[in-house]
Amino acid sequence: MLAKRIIPCMDVESGRVVKGVHFVNLRDAGDPVELAAFYDREGADELVFLDITASHEERDTKVELAGRAGDEVFIPYVIGGGIGSLDDIRRILKAGADKVSINTAAVEDPSLITRAAERFGSQCVVVAIDGRMRPDGTWKVFTHGGRTPTGIDLLEWAGEVQRLGAGEIMLTSMDRDGTKVGYDIPMTRAVCRAVSIPVIASGGAGNLEHLAEAIEQTGCDAVLAASIFHYREHTIAEAKQYLASRGIEVRL
Numbered sequence: 001m002l003a004k005r006i007i008p009c010m011d012v013e014s015g016r017v018v019k020g021v022h023f024v025n026l027r028d029a030g031d032p033v034e035l036a037a038f039y040d041r042e043g044a045d046e047l048v049f050l051d052i053t054a055s056h057e058e059r060d061t062k063v064e065l066a067g068r069a070g071d072e073v074f075i076p077y078v079i080g081g082g083i084g085s086l087d088d089i090r091r092i093l094k095a096g097a098d099k100v101s102i103n104t105a106a107v108e109d110p111s112l113i114t115r116a117a118e119r120f121g122s123q124c125v126v127v128a129i130d131g132r133m134r135p136d137g138t139w140k141v142f143t144h145g146g147r148t149p150t151g152i153d154l155l156e157w158a159g160e161v162q163r164l165g166a167g168e169i170m171l172t173s174m175d176r177d178g179t180k181v182g183y184d185i186p187m188t189r190a191v192c193r194a195v196s197i198p199v200i201a202s203g204g205a206g207n208l209e210h211l212a213e214a215i216e217q218t219g220c221d222a223v224l225a226a227s228i229f230h231y232r233e234h235t236i237a238e239a240k241q242y243l244a245s246r247g248i249e250v251r252l
């Protein structure tokens, strides 16, 4: 069994790390590269930088962030937000990122997933999916930082992105984002069962037990968290020690 990964996520707005609830009411959490270097030293397995307003405001993801992180961070990291072309992906990978995360652009042009996988390799292509349960009990996909409903069925889209060549799915529950009440177990479990590529669970981590529950009850390959690490409620080492005490394989 592959070791489960712990991934701190840095939502970046105007060059600062921020965190909110349901993608709004944001508060400052520091400089992204300084925070990333700290998590690297703490023993994080991977890092994610997301420009949370890039797609909505139609801005380019800043290659500068990828370059700055490459100078300070020595573990794999993902850059996402506003990535809409092969040229965007090329520049970000060339600047130092190990992977890119695409969301809105993948929904608007699914062929981008295939073209990116063919050009750069599936291992570089993470498709981020923001999902929310609708009144009829189904999960639907949202884009543009969670602002735009698409009407697309979440499980069908997860299967499609795998077929198109994505190497990994980063699944965020909009209903749980920033709430710290735990991951959306039913949604995450359903996606993990629908695909064979790795799934990163995101949205709702409030304590170490939530990390363990997500892994134990859904079969996800990694857990992503923000608030509990950014505001020093728990350290990466504490998280790994706790997961290991539950019999979960982690890199200590």
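In this note's numbering, the protein residues as written are 1 to 252.
In this text, a Cβ means the ideal position worked out from N, Cα and C, and glycines have one as well.
Predicted model, so just to flag it, every value in this text is computed and none were measured.
Neighbour-count burial assignment, residue i, 16 or more Cβ in a 10 Å radius
i, result
"Tyr-231", "exposed"
"Val-181", "exposed"
"Gln-162", "buried"
"Leu-252", "exposed"
"Phe-74", "exposed"
"Ser-14", "exposed"
"Asp-71", "exposed"
"Arg-41", "exposed"
"Val-24", "Any reading at Val-24 needs caution, since the residue's pLDDT is 49, under 50, leaving its predicted position unreliable; the model's value is listed next. Classification for Val-24: exposed."
"Ser-227", "buried"
"Thr-104", "buried"
"Glu-58", "Bear in mind that the predicted position of Glu-58 carries a pLDDT of just 49, short of 50, making it unreliable; the figure below should be weighed with that in mind. Label assigned to Glu-58: exposed."
Proximity of residue i and residue j at Cβ, strictly below 8 Å
i, j, result
"Pro-253", "Glu-108", "A question about residue 253 goes unanswered here, because the residues of the chain that appear run from 1 up to 252."
"Ile-6", "Ile-236", "yes"
"Ala-158", "Lys-4", "no"
"Val-100", "Ile-169", "no"
"Ala-205", "Ala-225", "yes"
Paired residues, beta bridge with residue i - DSSP
i, result
"Cys-9", "Val-48"
"Phe-142", "Asp-130, Pro-149"
"Tyr-242", "For Tyr-242, which the question treats as bridged, DSSP gives no partner whatsoever."
"Ile-102", "Val-127"
Inter-residue CB distance, residue i and residue j (contact presumed, cutoff 8 Å)
i, j, result
"Val-78", "Ile-52", "Not confirmed; about 14 Å, so no contact."
"Leu-154", "Lys-140", "6 Å"
"Ser-173", "Gly-131", "6 Å"
Item to check | Continuous beta strand (DSSP E) assignments of at least 3 residues falling wholly in the region 65–112 | outcome: 77–80, 99–102
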